[in-house]
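In this note's numbering, the protein residues as written are 562 to 677.
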């Protein structure tokens with residue numbers, strides 16, 4: 562179902578960040594599904610409220626980095642850098658790409674760890 566699973570979640574690195582506690586790591590991955598940073602960023606992008614988008618995407622970047630959600634993290638880095646530099650030329654395309662990767666990540670976490 563997922564061709565590049567290791568690109569979505571780098572489980573080995575994530576588990577190391579959680580000092581080998583698999584249960585805690587999985588609990589945090591499941592909690593990530595409930596986080597509202599993406600939804601708030603999406604709303605802010607729609608309203609062209611780029612400071613608010615930056616704030617929420619920066620939070621999403623931190624979460625995805627700490628959980629070793631590499632596919633999403635890399636995309637967050639790009640758009641956060643763009644927002645930080647006040648360049649808004651490619652934001653729609655970048656946010657569309659980020660959205661696709663976010664939903665792919667959420668779908669994969671649900672597939673692996675929940676009954677939803």
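For glycine and all other residues, C-beta sits at the position ideal for the given N, C-alpha and C.
If you're wondering where the values come from, they're calculated on a predicted model, not measured in any experiment.
Distance between beta carbons of residue j and residue i, contact taken as under 8 Å
i, j, result
"residue 583", "residue 590", "Wrong, their Cβ atoms sit about 10 Å apart, outside the cutoff."
"residue 637", "residue 659", "7 Å"
"residue 598", "residue 624", "7 Å"
Buried versus exposed call for residue i [16 or more other C-beta atoms within 10 Å across all chains shown]
i, result
"residue 641", "buried"
"residue 562", "Note that residue 562 has pLDDT 42, beneath the 50 cutoff, so the model's placement of it is unreliable and the number below is only indicative. Flag for residue 562 reads exposed."
"residue 662", "buried"
"residue 573", "exposed"
"residue 657", "exposed"
"residue 664", "exposed"
"residue 607", "exposed"
Residue-chain proximity (residue i, chain D), Cβ-Cβ < 9 Å
i, result
"residue 569", "Although the question refers to chain D, the structure presented lacks it and comprises just one protein chain."
C-beta contact flag for residue i and residue j at 9 Å
i, j, result
"residue 605", "residue 613", "yes"
"residue 622", "residue 611", "no"
Okay, do the stretch 623 to 633 and the stretch 643 to 657 touch, 3+ Cβ pairs below 8 Å being the bar?
-> no
Which ranges does the alpha helix (DSSP H) cover as unbroken runs of at least 4 residues, wholly within the stretch 597 to 635, from first to last along the chain?
-> 598 to 607 and 611 to 627
Evaluate contact between the stretch 666 to 676 and the stretch 585 to 605, counting only Cβ atoms and requiring at least three cross-stretch pairs below 8 Å.
-> yes
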